[in-house]
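Asks:
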Amino acid sequence: MRIHSAFVCILFVAGSLFGQTSVTLSVDATDAPRKIIHTEETISVRPGPITLSYPEWIPGEHEPNGPVVDVAGLHIAADGKDLPWRRDLVDMFAIHTTVPSGTKEISVRFDFLLPARTSGFSAGASSSASLLVLSWNQVLLYPSTPGPAHITVHPSLKLPAGWNYGTALTTENEDGGVIHFAPVTLNTLVDSPVQASEYFRRIDLTPASGPPHHLDLASDEEATLDITPEQIRDYKHLVTEALALFGAHHYDHYDFLFTLSDEVAHFGLEHHQSSDDRVDERTLIDKNLFRAHAALLSHEFVHSWNGKFRRPAGLNVADFTTPMKDDLLWVYEGLTEYYGNVLAARSGLRSEQDYRDNLALLAARLDNEPGRTWRPLQDCADEAQLLYEARGDWHSYRRGVDFYDEGDLIWLDADATIRNLSKGTKSLDNFCKKFHGAPSTPPETRPYTFDDVVAGLNEVVHYDWRKFLTERLESLSPHAPLGGIEHGGWTLVYTDTRSDYQRALEEAYGNNDLSYSLGILVGRTGTIADVLVTSPAASAGLAPGMQLIAVNGMKYTEERLEAAITAAKNNSGAVQILALNGDAYKTYSIEYHGGLRFPHLERDASKADVLINIISPVVKGQ
Ligand SMILES: [Zn+2]
Numbered sequence: 190m191r192i193h194s195a196f197v198c199i200l201f202v203a204g205s206l207f208g209q210t211s212v213t214l215s216v217d218a219t220d221a222p223r224k225i226i227h228t229e230e231t232i233s234v235r236p237g238p239i240t241l242s243y244p245e246w247i248p249g250e251h252e253p254n255g256p257v258v259d260v261a262g263l264h265i266a267a268d269g270k271d272l273p274w275r276r277d278l279v280d281m282f283a284i285h286t287t288v289p290s291g292t293k294e295i296s297v298r299f300d301f302l303l304p305a306r307t308s309g310f311s312a313g314a315s316s317s318a319s320l321l322v323l324s325w326n327q328v329l330l331y332p333s334t335p336g337p338a339h340i341t342v343h344p345s346l347k348l349p350a351g352w353n354y355g356t357a358l359t360t361e362n363e364d365g366g367v368i369h370f371a372p373v374t375l376n377t378l379v380d381s382p383v384q385a386s387e388y389f390r391r392i393d394l395t396p397a398s399g400p401p402h403h404l405d406l407a408s409d410e411e412a413t414l415d416i417t418p419e420q421i422r423d424y425k426h427l428v429t430e431a432l433a434l435f436g437a438h439h440y441d442h443y444d445f446l447f448t449l450s451d452e453v454a455h456f457g458l459e460h461h462q463s464s465d466d467r468v469d470e471r472t473l474i475d476k477n478l479f480r481a482h483a484a485l486l487s488h489e490f491v492h493s494w495n496g497k498f499r500r501p502a503g504l505n506v507a508d509f510t511t512p513m514k515d516d517l518l519w520v521y522e523g524l525t526e527y528y529g530n531v532l533a534a535r536s537g538l539r540s541e542q543d544y545r546d547n548l549a550l551l552a553a554r555l556d557n558e559p560g561r562t563w564r565p566l567q568d569c570a571d572e573a574q575l576l577y578e579a580r581g582d583w584h585s586y587r588r589g590v591d592f593y594d595e596g597d598l599i600w601l602d603a604d605a606t607i608r609n610l611s612k613g614t615k616s617l618d619n620f621c622k623k624f625h626g627a628p629s630t631p632p633e634t635r636p637y638t639f640d641d642v643v644a645g646l647n648e649v650v651h652y653d654w655r656k657f658l659t660e661r662l663e664s665l666s667p668h669a670p671l672g673g674i675e676h677g678g679w680t681l682v683y684t685d686t687r688s689d690y691q692r693a694l695e696e697a698y699g700n701n702d703l704s705y706s707l708g709i710l711v712g713r714t715g716t717i718a719d720v721l722v723t724s725p726a727a728s729a730g731l732a733p734g735m736q737l738i739a740v741n742g743m744k745y746t747e748e749r750l751e752a753a754i755t756a757a758k759n760n761s762g763a764v765q766i767l768a769l770n771g772d773a774y775k776t777y778s779i780e781y782h783g784g785l786r787f788p789h790l791e792r793d794a795s796k797a798d799v800l801i802n803i804i805s806p807v808v809k810g811q
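Read left to right, the sequence shown gives residues 190 to 811 (the numbering used here).
What follows is the structure, encoded as C-alpha cells:
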C-alpha cells in the first residue's frame, strides 16, 4: 500500500491506525559490496515472554526458504542491556526472550550476511560491487503477535554514496544519506523490495490513461543499461496490453525492478506494486539473452493480478511462519506462465515465431517425460515446496515444478476450448476480466478455491470445467495435454534442424539439447546435465554428471556429436561415446538411428489458426 504524504501526517498524530505494534527499522547497506548488511530495530512491546520470528515462508516463493542461517551477531536489548535469548528447538526461525517489567520497547540488532551463491531465489546472491536488491524480510525479526498486517514499520535505509534506487515504497525524506520511507504494514514492507545501484536508470512506461508505471534498471556497468527505443516501446505495450487484458488494476503505481547483473541470482519475484526481476547483465544488449528473458517481466506483471490480488486460499497465510499449501500453483503459476508468454507476444517483446517455438520446446519436454506415468501434475504442485529445490538430474523421471509449463498447455487448451465453443466470441481473456479485474483497487488480496475457478470458467462458457481440469491434473498418461496446440490449429513435430529460437537459447545458456534424439542435455564443457530416462543414451548407460570425452574415437565437440548422430541414421553402427564418470573412463555404445530431432509447431491447415488470434495485440494502433 502506498501512503501519500498528507495521509502519513494524520497517521503520526493518530498513532498506529494499522495496529498495535510499531517497529522502527534502520538498515545500513553501505557494506553491501562486501556482502554484509547491518540492521537495527526498535520494537514496541509489553513485559513478559515474547517470541520474535524471522520470516520463513516468503510470499511468491512457495517454500520455507527464509535465509535464517545468514543472520549473525544477534543482540536483543532493553534499556541498553542485552537480554538472554534462546532459539526454539522445533521452529528454527523463532527466538524466545523475556521483556523485563516496565519496559515498553526493545532493540534488535544483527548483521545479514549476503550470500554469494547464485541459486535460491531472493535468498540467493543479491549484491555486487555496484548494486543491491534488498528484500526487507531478510533484515528483520518481528513479534509473533499481533501478526504482520497489524505491525506498522517505519523503515529507513542507508546506501553506499552515489547509489540511486527504485522501489514501490514512498520516500518521505532523505537526511544525511539516509532514506526515510513512509510507514507501512510489515506485509507491505516485505512486498516492497528496494533495488539500488551505482548504475541506474528510471524509464517512464505510464500509459496515456492509467496509473504511473516505471522500468527501473540497475546494472553493474553503465554500458549494459543501453536499452533501445524499440525495447522501451514494447515494454510500454506490455503495460497497455496487460491493462486491456484485465480491464482494471490492483495497485496505485507499478515499478519493474529490472536488475542486470551476472553476480546475483537470476529469477523473478512478484509483488503487488513491483516485481524483482534479475537477469544476465548483457540482457538488454545481447539479442539471444533478450529473447531468452523476453517473458520474464510479463510473467511477474501478470502476478500482480494472478497471485497477489487473487490468491489460492492455501497460499493466503496470515504471517511468514504458517506453512503454505501449494496445491493450486497450476493456477497461480500456470495461468501466469500462460499469460506471461501471451502478453510477451502481444506486446512485441517476443515474435510470433519465437512464441510458437517456445511452445514447441515446452510441449516436447512434457510429452517426453516418463515421470508423468507415476506422478500426476497435481502432485508436482502439492510437493512444490520441496521440488523447487530438486536437482535437475533425472528430471524426466522425478518431474519438477511442471505446473509452469504444463499449466501453460492446460490454460492454452482452456482458451482454445472457450474460443471454439463460443465460435470466437469469447476467450480466456473474459475469465481474467471477471476473475481478476474490475473494479480497480489499491493492493489487496482475495483468496479463491478450486470451486471458484470452475465457477469463473462456467460464467464465460458453460462446460464441464471440473472434469476438464481434474482429468488433466490427475492424468498418468505418458503424453502431455497438447489439445490447446491441436485445437489452436498446430501440430507438434520434430525435424533434424533446431529452430532459430532454440539456437538462441542454447547460445544464451551454453548448452546443447539433444533430448529427442540421443536423449541428453549437454553443458558447454561437455558435462551431461541430464539424460532422458527412457532414451537410447540411458539404455547405453550414460548418466547425468558424466563428462563427454570422445565421439567415435575423436575428441568430443558438439559438431562431432551431431555429425555422428546424423551419420548413424544411414548405417547400422552404434554411436561410440567415451565418457568420464568420476575418475573412471568407459566407452558407451548408443544404438540410435533416428537422426537429429528438434521440436517445432507445424500448421494444420484443416483447422483455423486460433493461436495467432490469441497472441495478436488486443490494443490496436500502437
Ligand atoms: Zn511466477
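Note that beta-carbon positions come from the ideal geometry of N, C-alpha and C, so glycine has one too.
(1) When you compare each of His455, Ala431, Thr472, Lys425 to Asp415 by their alpha carbons, which one comes out closest?
(2) What number of angstroms, rounded off, separates the C-alpha of Phe370 from the C-alpha of Asp515?
(3) If we ignore side chains and look at the alpha-carbon of each, how far apart do Gly291 and Leu263 end up?
(4) Using 8 Å for Cβ pairs, my map puts Glu230 next to Leu303. What's the rounded Cβ distance?
(5) Quick one: give me the first and last residue of the beta strand (DSSP E) that Asp618 is part of.
(6) Can you find the residues in the same chain that come closer than 6 Å, C-beta to C-beta, to Asn362, ignoring five residues on each side of it along the sequence?
(7) Can you tell me where the alpha helix (DSSP H) holding Ala756 begins and where it ends?
(8) Quick one: is Arg480 buried, meaning 16 or more other Cβ sit within 10 Å of its Cβ, or exposed?
(9) His343: buried (16+ other C-beta within 10 angstroms of its C-beta) or exposed?
(10) List the residues that DSSP assigns as beta-bridge partners of His482.
(11) Please confirm whether Val383 has its beta-carbon closer than 8 Å to some beta-carbon of chain C.
(12) Cβ of His488 within 7 Å of any heavy atom in ligand 1?
(13) Taking buried to mean at least 16 other C-beta atoms within 10 Å of its own C-beta, is Gly204 buried or exposed?
(14) Comparing alpha-carbon positions, which option in Ser317, Val260, Ala579, Thr360 lies nearest Glu252?
(15) Are the beta-carbon atoms of Ala483 and Arg539 separated by less than 8 Å?
(16) From His651 to Cys621, what distance separates their C-alpha atoms?
(17) Taking the Cβ atom as the reference point for each residue, do Leu427 and Phe490 lie within a distance shorter than 8 Å?
(18) Comparing C-alpha positions only, which one of Trp246, Lys425, Thr525, Val740 sits nearest to Pro337?
(19) What would DSSP say about Glu780, mapped onto helix, strand or coil?
(20) Leaving out five residues before and five after Asn619 in sequence, what residues of the same chain have Cβ atoms less than 6 Å from its Cβ?
(21) Mind checking whether the beta-carbon of His625 lies closer than 7 Å to any heavy atom of ligand 1?
(22) Using the Cβ count rule (16 or more neighbours within 10 Å means buried), how would you classify Met743?
(23) Compute the Euclidean distance between the alpha carbons of Leu731 and Pro400, then round it to the nearest angstrom.
(24) Once the 5 residues before and after Leu348 are set aside, which same chain residues still bring their CB inside 6 Å of it?
(25) Should Leu458 and Ser311 be called a contact, given that it needs their Cβ atoms to be closer than 8 Å?
(26) Pick out the complete alpha helix (DSSP H) segments inside the segment 622 to 709, 4 residues or longer, and give them in chain order.
(27) Nearest CA to the CA of Gly771: which residue from Gly734, Val682, Glu751, Ser724?
(28) Let me know if Ala195 comes out buried or exposed under the rule of 16 or more other beta-carbons within 10 Å of its beta-carbon.
(29) Alpha carbon to alpha carbon, how far is Pro565 from Val260? Give it in angstroms, no decimals.
(30) Looking at Gln736: is its Cβ nearer than 8 Å to the Cβ of Ala768?
(31) Quick one: grab the DSSP three-state call for Arg276.
(32) What are the partner residues of Gln736, as DSSP defines its beta bridges?
Replies: Considering the structure as presented:
(1) Thr472
(2) 33 Å
(3) Rounded to the nearest whole angstrom, the C-alpha separation of Gly291 and Leu263 is 23 Å.
(4) That pair is no contact at about 19 Å.
(5) DSSP places Asp618 outside any beta strand (DSSP E); the residue lies instead in the alpha helix (DSSP H), whose first and last residues are 617 to 625.
(6) In chain order, His369 place their CB closer than 6 Å to the CB of Asn362, counting only its own chain and leaving out the 5 sequence neighbours on each side.
(7) 747 to 757
(8) buried
(9) Buried, by the Cβ-count rule.
(10) Paired residue(s): none; His482 is not in a bridge.
(11) Of the protein chains in this structure there is only one, and it is not chain C.
(12) yes
(13) Any reading at Gly204 needs caution, since the residue's pLDDT is 32, under 50, leaving its predicted position unreliable; the model's value is listed next. Counting every other CB atom within 10 Å of its CB across the protein chains shown gives Gly204 a total below 16, marking it as exposed.
(14) Nearest option by C-alpha distance: Ala579.
(15) A distance below 8 Å separates the beta carbons of Ala483 and Arg539.
(16) 16 Å
(17) yes
(18) Trp246
(19) The answer is coil: DSSP assigns Glu780 none of H, G, I, E or B.
(20) Val649
(21) no
(22) exposed
(23) Within the model, the alpha-carbon separation for Leu731 versus Pro400 is close to 55 Å.
(24) So the qualifying residues of the chain are Ala218, Ala385.
(25) Contact flag set, yes.
(26) 639 to 649, 654 to 663, 672 to 676, 689 to 698
(27) Residue Gly734 is the option with its Cα nearest to Gly771.
(28) Confidence in Ala195 is poor, its pLDDT being 32 and thus under 50, which makes the residue's placement unreliable; the coordinate value appears in the next sentence. Exposed, because fewer than 16 other Cβ atoms sit within 10 Å of the Cβ of Ala195.
(29) 38 Å
(30) The answer is yes: Cβ separation under 8 Å.
(31) Residue state for Arg276 is assigned as strand, using DSSP reduced to three classes.
(32) Thr716, Leu769
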